[in-house]
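Peer 1: Quick one: the structure is below, questions incoming.
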Amino acid sequence: IENTAVVVPPPARWLMVGGCSLVLLAIVLLLGITQVPPERYPILLRARVVALAAMLLLIPLALFQLGTIPLLLGILSLLLAPVLTGVWLWIESLAPAR
Numbered sequence: 246i247e248n249t250a251v252v253v254p255p256p257a258r259w260l261m262v263g264g265c266s267l268v269l270l271a272i273v274l275l276l277g278i279t280q281v282p283p284e285r286y287p288i289l290l291r292a293r294v295v296a297l298a299a300m301l302l303l304i305p306l307a308l309f310q311l312g313t314i315p316l317l318l319g320i321l322s323l324l325l326a327p328v329l330t331g332v333w334l335w336i337e338s339l340a341p342a343r
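Here it is in structure tokens:
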């Protein structure tokens with residue numbers, strides 16, 4: 246994409262959003278087959294829900310005629326949501342019980 250002021254063409258939008266959605270779907274499926282101790286299962290379930298929600302929220306980005314920068318910022322923020330949630334849950338699980 247040469248010019249950031251131009252609206253991203255629909256095939257390019259669907260390609261970017263579709264690829265990122267498939268990555269998040271693969272993460273959700275991998276988290277589904279991950280074996281964890283029973284006491285850690287709620288953490289895994291929350292991580293799966295966040296990744297699935299991010300995947301579903303990515304799809305509407307392809308429907309709107311966004312410029313390059315807003316589209317990439319939307320994709321980036323939704324791809325980082327599961328990562329930041331994972332870090333937060335990891336810190337929460339390592340914190341001493343209150």
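Per the working numbering, residue 246 is the first one in the sequence shown, and the count goes up by one each step.
Glycine included, every Cβ here is placed at the ideal spot set by N, Cα and C.
In this structure, does DSSP put Val251 in helix, strand or coil?
Peer 2: Counting from one through the sequence shown, the residue named residue 251 turns up at place 6. In this structure, Val251 counts as coil in the three-state DSSP scheme.
Peer 1: Evaluate the contact criterion for the stretch 268–286 versus the stretch 296–308: three or more CB pairs, one atom per stretch, below 8 Å.
Peer 2: The stretch 268–286 vs the stretch 296–308: in contact.
Peer 1: Closest by CA to Gly263, which one among Leu316, Gly331, Glu337 and Ile336?
Peer 2: Here the question's residue 263 lines up with position 18 in the sequence shown. Comparing Cα-Cα distances from Gly263 to each of Leu316, Gly331, Glu337 and Ile336, the minimum goes to Leu316.
Peer 1: Please classify Leu260 as buried or exposed, where buried requires at least 16 neighbouring CB atoms within 10 angstroms.
Peer 2: The residue labelled residue 260 in the question sits at position 15 within the sequence shown. Result: exposed.
Peer 1: Where DSSP assigns a beta bridge to Gly312, which residues make up the other side?
Peer 2: Walking along the sequence shown from the start, residue 312 turns up at place 67. According to DSSP, Gly312 bridges with Val252.
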